[in-house]
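J.: Below is a structure I'd like to ask you about.
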Amino acid sequence: MSVAPQRIAVLGATGSIGGSALDVIARHPDRYRASVLAAHRNADALAGLCARFRPDLAIIADPALQTALARRLAELGARCEIAAGPEALEQAAGGTLCDTVLAAVVGAAGLRSTLAAARAGKRLLLANKESAVCAGPLLQAALDAGGGDLLPVDSEHNALFQCLPGGRPPALAAAGVRRLLLTASGGPFRGRSRRDLAAVTPAQACAHPNWVMGRKISVDSATLMNKGLEVIEACVLFGATPAQIEVLVHPQSLVHALVEYVDGAVLAELGHPDMRTALAYALAWPERTGSGVPFLDLAARGRLEFEVPDRHTFRCLDLAYQALRAGGDAPALLNAANEVAVEAFLAGSLPFLAIADLIETLLAALPPQPVCDVETLIHRDLTARAKARAMLARMCC
Ligand code: MG
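Just remember that this note's numbering sits 30 ahead of the position in the sequence shown, which is counted from 1.
Structure representation (structure tokens):
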């Protein structure tokens with residue numbers, strides 16, 4: 031009996047995760063079809079992907095680029111529907127053209143489409159960690175209402191999903207889990223002191239030793255904020271308390287996460303630092319398929335090292351735990367301040383170490399409020415960004 035291929039909406043198709051997902055999808059044309067492709071602003075790259083994958087719908091998030099996309103698609107002879115704007119993204123995520131949504135839009139911009147997919151009961155492959163970080167209670171409510179599965183794509187969370195019974199057990203304690211351990215490569219500045227980091231450049235921060243990633247997440251990896259956001263994400267996705275989650279620096283990036291059980295057993299997921307393993311697993315779960323990732327030769331790699339993170343130099347990790355313990359929308363405020371700070375750092379207008387300072391000042395200035403609905407959350411996100419930019423202007427003068 032032949033089964034129709036799973037129809038996948040790839041939101042964030044021209045990004046790093048989107049590219050890896052399309053690579054896996056292209057390996058299994060009998061199982062998967064990219065039916066919706068969406069990009070933020072790169073109309074040329076999106077048109078190229080449409081010519082190759084022949085989706086039913088192409089979406090460009092910036093409406094000003096709709097004409098450019100249409101022109102490029104015509105030049106390439108690619109025929110598909112075109113839509114533009116954030117509403118189009120949200121509609122497609124919950125619409126009839128897809129069974130599965132890969133939420134790989136970068137930043138808080140991915141929030142509404144992720145929630146729409148969850149509410150519609152789509153199989154949700156979550157790579158947009160901000161949806162869990164900023165809107166954890168809303169995401170859970172949307173999943174409960176839609177009744178679909180959530181498959182984490184973030185490599186650490188995908189690893190936890192692989193090491194936990196049933197992927198996302200209803201209660202960690204009942205499953206015999208003592209702790210969840212997230213590994214961090216330590217980024218390009220592991221082992222450096224605060225003094226060493228005073229004058230580092232965006233290019234240095236983006237030179238990640240193991241993973242090839244976008245610029246924003248590369249800086250987050252260098253500050254350890256990426257790990258901080260992942261701690262929050264793990265609490266949301268697995269119902270953990272902050273005390274149940276620890277971060278372990280592991281420079282080889284071969285162990286992605288570990289689950290410690292009450293009997294002393296520790297289960298870990300290992301693999302090359304290549305997102306295609308997590309994506310192939312999330313796409314095929316509960317089955318497994320090839321991903322194109324080379325098999326791991328542990329003897330050739332020789333050693334696996336672990337150490338505790340340097341919380342004094344990389345203050346963003348503790349700021350994330352602080353926001354998590356503060357509760358309410360504090361993680362969303364943390365995320366907003368971080369996005370503003372990283373943008374300023376990449377633009378050359380904020381020193382690397384001041385990223386944490388800006389976030390800390392913002393968190394102190396805005397007491398957390400409960401997360402009630404997406405409109406309030408987005409309003410708070412905008413307020414936090416405006417306040418962070420005002421603080422930035424004062425810091426930089
Ligand atoms: Mg990760």
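Using N, Cα and C, we set each Cβ at its ideal position, and we do this for glycine too.
Expressed to the nearest angstrom, what Euclidean distance is found between the alpha-carbon atoms of P199 and Q399?
T.: Distance between the alpha carbons of P199 and Q399: 29 Å.
J.: Taking C-beta to C-beta, are A252 and P218 nearer than 8 Å?
T.: Yes; because the gap between Cβ atoms is below 8 Å, this pair is in contact.
J.: Any idea which residues DSSP pairs Y62 with across the strands?
T.: In the DSSP output, where bridge partners are listed per residue, Y62 has Q36.
J.: May I have the straight-line CA-CA distance separating C236 from L284, to the nearest angstrom?
T.: Approximately 20 Å between the Cα atoms of the pair.
J.: On a Cα-Cα basis, can you pick out the residue from A148, A308, G177, A314 that is closest to S50?
T.: The option with the nearest alpha carbon to S50 is A308.
J.: Using DSSP with H/G/I as helix, E/B as strand and the rest coil, what is E317?
T.: Residue state, collapsed to three classes: coil.
J.: Considering only residues of the same chain and omitting the five flanking positions on each side of D60, which have a CB-CB separation below 7 Å?
T.: Closer than 7 Å at the Cβ level, and outside the excluded window around D60, lie P35.
J.: Using the rule of at least 16 other Cβ atoms within 10 Å of the residue's Cβ for burial, across every protein chain shown, is D184 buried or exposed?
T.: The residue in question, D184, is buried, as its Cβ has 16 or more Cβ neighbours within 10 Å.
J.: Mind checking who V277 pairs with in its DSSP beta bridge?
T.: Answer is L212, bridged to V277.
J.: Should D184 be listed as close to the ligand MG, given that the test is whether its C-beta is under 7 Å from any heavy atom?
T.: Yes.
J.: Go ahead and label P324 buried or exposed: buried means 16 or more other beta carbons lie within 10 angstroms of its beta carbon, across all protein chains shown.
T.: P324 should be labelled exposed.
J.: Is DSSP giving T130 helix, strand or coil here?
T.: Note: T130 maps to strand in three-state DSSP.
J.: Shorter than 7 Å, the distance from the beta carbon of E260 to the closest heavy atom of the ligand MG, or not?
T.: Because some heavy atom of the ligand MG lies under 7 Å away, the Cβ of E260 counts as near it: yes.
J.: Which residue wins for smallest C-alpha separation from N368, given the options H58, L349, R355, G358?
T.: Comparing Cα positions, the closest option is L349.
J.: Just to confirm, are G258 and L347 a CB contact at a threshold of 8 Å?
T.: Closer than 8 Å, so yes.
J.: Helix or strand or just coil, what does DSSP make of L106?
T.: Helix at L106.
J.: Run through the DSSP bridge pairs and tell me what R153 is partnered with.
T.: Partner(s): T130.
J.: Would you grab the beta carbon distance between V404 and L169 for me? Rounded to a whole angstrom, and I think it's under 8 Å.
T.: Between L169 and V404 the Cβ distance is about 10 Å, and since that is not below 8 Å, they are no contact.
J.: For L103 and G78, I'd like the C-alpha separation in whole angstroms.
T.: Taking the straight line joining both Cα atoms gives about 8 Å.
J.: On a CA-only basis, which of L106, P93, Q352, A113 is nearest L67? Give me that one, please.
T.: Answer by Cα proximity: A113.
J.: Around the Cβ of F344, are there at least 16 other Cβ atoms within 10 angstroms (buried) or fewer (exposed)?
T.: Label assigned to F344: buried.
J.: For the beta strand (DSSP E) that A73 lies in, which residues bound it at each end?
T.: Segment 73–83 is the alpha helix (DSSP H) holding A73; no beta strand (DSSP E) there.
J.: Distance, Cα to Cα, L300 vs L288?
T.: If I take the Cα positions, the gap works out to 9 Å.
J.: So is C402 buried or exposed if we call it buried at 16+ other beta carbons inside 10 Å?
T.: The residue is exposed, with fewer than 16 neighbouring Cβ atoms inside 10 Å.
J.: Per the contact definition of three or more C-beta pairs closer than 8 Å, is the region 180–195 in contact with the region 221–239?
T.: With a cut-off of 8 Å, the region 180–195 and the region 221–239 do not count as touching, because too few Cβ pairs lie within range.
J.: Could you give the C-beta distance for L194 and V261, rounded to a whole number, given that I count them as a contact under 8 Å?
T.: The Cβ separation is near 16 Å, so there is no contact.
J.: Entirely within the region 308–387 and at least 4 residues each: give me those alpha helix (DSSP H) ranges in chain order.
T.: If we require 4 residues or more, the alpha helix (DSSP H) runs fully inside the region 308–387 come out as 328–331, 346–356, 360–376.
J.: In the DSSP output, what is P182 paired with across the bridge?
T.: BP columns for P182 point to L156.
J.: For A39, tell me which candidate among P316, A395, E120 has the shortest Cα-Cα distance.
T.: Comparing Cα-Cα distances from A39 to each of P316, A395, E120, the minimum goes to E120.
J.: What residue does the alpha helix (DSSP H) around V261 start on, and which one ends it?
T.: Its alpha helix (DSSP H) spans residues 255–268.
J.: Which two residues bound the contiguous alpha helix (DSSP H) that contains L52?
T.: Residues 46–57.
J.: Is G115 near R149, with beta carbons less than 8 Å apart?
T.: No, the pair does not count as a contact, with Cβ atoms beyond the cut-off.
J.: By Cβ distance, which residues of its chain are closer than 7 Å to L364, with the 5 residues on each side in sequence left out?
T.: L349, A350, A353, I389, L393, listed in sequence order.
J.: Run through DSSP, which three-state label would V163 get?
T.: In this structure, V163 counts as helix in the three-state DSSP scheme.
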